[in-house]
Amino acid sequence: MSTQTIQLQLTLTEPLVLSQSNATEGAHQSLDYIPGATILGAMAAQHYRDFKQQGKAYELFHSGKVRFHNAYPLVNDQPSYPVPLSLHYDKLGEKEEPINYLHKTYATEEGNDPNKIKQVIQGKQHRKGYVSTTQNHQAWSFFEPEKTLQMRTAINPKKGKAQESQLYGYQLLKAGTQYLVQISCDDAELAQQLEATLNGQKDLLIGRSRSAQYGKVQLSVQAAKTNQANKPIIKIDDEDHLILWLASDMAIYNQHGQPTLSPSLQDMGLKVQGEFISAKSFVRTRQYAPYNGFRKSYDLERQVLTQGSILTYKLTGAFSEADMQTLQQGIGAYTENGLGQVVLDNSFKLLQQSEISLQKPKAQRQTQSVQNPNTALMAYLVEQAQQREVDAKYAEAIDGLLNELQKLYQSARNYNGLMPGQAFGPGKTQWGALRNYATQVKNKKDLQDKLFEGQDAFIKKSDKDWAVSTGHTTFKNWLADLVNKETNDLTLIRGLAFKVNQNKILLALMEGK
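Shown next, in the form of structure tokens:
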């Protein structure tokens, strides 16, 4: 029996709020993927009644014959999967490429075995982000969806104003981000009915605050196709190993009906015989109770192996087509919500490599130029924004000159062997006069004449304060170079002369305090 797959491309037309936790206190954290249960719930909210009239509601939403997978980011038009937990990177940053610990181990003694990592490398597990392959499967990309934070406040319904002590924040997935979700169907006829329904639908509303300005998602349906999978078998030490790379959380119950976090192959419904290899398995776990919005209550608590986990089994028997079909249909419980999915497409080839070069893809969002309205208000706002940008650049430049001037004063004090309490160099009066000259003149040439030219120059050759040596220059030469580089508007010189007399460090250096 072949599995039919419907692919949906989801584009966030509005920011999306998907909470990691149901807690109402503390910092809000958002998921970076769209859970299959969320997509199932959004579909059921709009189409459950229609399918119930056709007698298909149970088969579609409850039986497990239709599985709504998690939606993961679409990277360079290719699907992505949670980073496998077998990938580790050098904690000290000396080695950029992640190491696949499926094929490497720590060296316990000196040697040149290439499959062993020297103990000096401190491996840190990759726990965030997604990996994607190119169309030819020759390169790999690493991607983390972009998030942002927005503050909100509750409104007092009686006064129409902000409610006191009701400020809260949402962490959001940014609008424009694209996701890819697969819906797997064991029934070809049911897949066709569902695809026809989705083709007539343009948008979904998912996540929190859907009635406000969040949660609108645009749908783009791709044709249903037969899923051709690859056997997840890798040779380790010349022996066949079954490697299960979890594409989603997995909830497994043992033969006694109890949840287990170290499942056997039989617990997962596979017929193949094999031994669980804990040294080559990389798992994380969590427990949670999902909230059902229709029943307005919590479901049973689930104990799951988290997405990205790697389960390794040393095979002692043959892996059959029946086992492959079991993997395709999902493992364990809650498969209709997307749980129990494993990576079986060509992305699985990532785990066959011992060292992987992960590249960051190009920005996913494309910005469009917007024409400003031709109004007096818009012209004023644009002018003010440009002025603020210029002011910020000048402020940064002036701060840099102040730091440079502090070093000059300190260097001059050390070079001339001055004692504490002994004032030297240009003081507050000279810098104040410099500011007045810079304010009075119209351009750079006039300022240079006022400062350095003629018998009435502000800084004469005999001026001992400006002639103090710093070891490699004098204050006069430093100021002359600065004025020579200045533009005609003299904003930098005026700002510097004003800030010098407000800088406590400089004033202390001048006075020898």
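Per our numbering, the very first residue in the sequence shown carries number 2; after that it's consecutive. Glycine residues also receive a C-beta, built at the ideal position from the N, C-alpha and C atoms. All values reported here derive from a predicted model rather than from experimental measurement.
In this structure, DSSP gives LYS451 a helical state, which the three-state scheme calls helix. Collapsing the DSSP output to three states places ALA323 in a helix.
Taking C-beta separations shorter than 6 Å and ignoring five residues to either side along the sequence, the partners of GLY37 in its chain run PHE69, HIS70, ASN71, ASN338, GLY339, following chain order. For ASN101, the beta-bridge partners assigned by DSSP are LEU88.
DSSP places ASN485 inside the alpha helix (DSSP H), whose first and last residues are 476-486. ARG495 is classed as buried because its beta carbon has at least 16 other beta carbons within 10 Å across all chains shown.
Counting C-beta pairs with one atom in each stretch, the stretch 184-197 and the stretch 233-243 have fewer than three that are closer than 8 Å, which means they do not touch. Per DSSP, the unbroken alpha helix (DSSP H) holding LEU493 starts and ends at 492-501. Contact between LYS445 and LEU491 holds, with the beta-carbon distance rounding to 7 Å and staying under 8 Å.
Residue TYR73 holds the alpha-carbon nearest to the alpha-carbon of GLN8 among SER20, TYR73, ASP300, HIS89.
Under the Cβ criterion (8 Å, minimum of three pairs), the stretch 56-67 does not count as touching the stretch 158-166. With contacts defined as CB atoms closer than 7 Å, LEU150 and GLN172 qualify as a contacting pair. In the three-state DSSP reduction, TRP246 falls in the strand class (E or B). Apart from the 5 residues on each side of it in sequence, GLU276 sits with its Cβ closer than 6 Å to the Cβ of LYS315 in its chain, given in chain order. Contact check for ALA468 against LYS461 fails: the beta carbons are separated by 7 Å or more.
Here ALA413 is buried: its Cβ has 16 or more other Cβ atoms, across all protein chains shown, within 10 Å. In the three-state reduction of the DSSP assignment, LYS162 falls in the strand class, which pools E and B. Taking 7 Å as the cut-off, the Cβ atoms of VAL84 and VAL132 count as close. Burial check for MET379: the Cβ neighbour count within 10 Å stays below 16, so the residue is exposed.
DSSP places ARG436 inside the alpha helix (DSSP H), whose first and last residues are 429-441. Secondary structure in the stretch 298-342: the alpha helix (DSSP H) runs of 4 residues or longer, each lying completely within the stretch, are 322-329 in chain order.
Between the C-alpha atoms of ASP78 and ILE506 there is a straight-line separation of about 56 Å. Nearest to PHE499 by alpha-carbon distance, out of ASN437, GLN214, ASN101, PHE459, is ASN437. It is roughly 50 Å from the alpha-carbon of LEU508 to the alpha-carbon of ALA155. Closest by C-alpha distance to GLN10, out of PHE453, LEU220, LEU32, is LEU220.
For ASP51, the enclosing alpha helix (DSSP H) starts and ends at 37-54. Counting only the Cα atoms, THR440 lies some 21 Å from ARG389.
Taking ALA398 as the centre and dropping the five residues before and after it, the same chain places the C-beta of LEU493 closer than 8 Å to its C-beta, in chain order.
Counting every other CB atom within 10 Å of its CB across the protein chains shown gives SER142 a total of 16 or more, marking it as buried.
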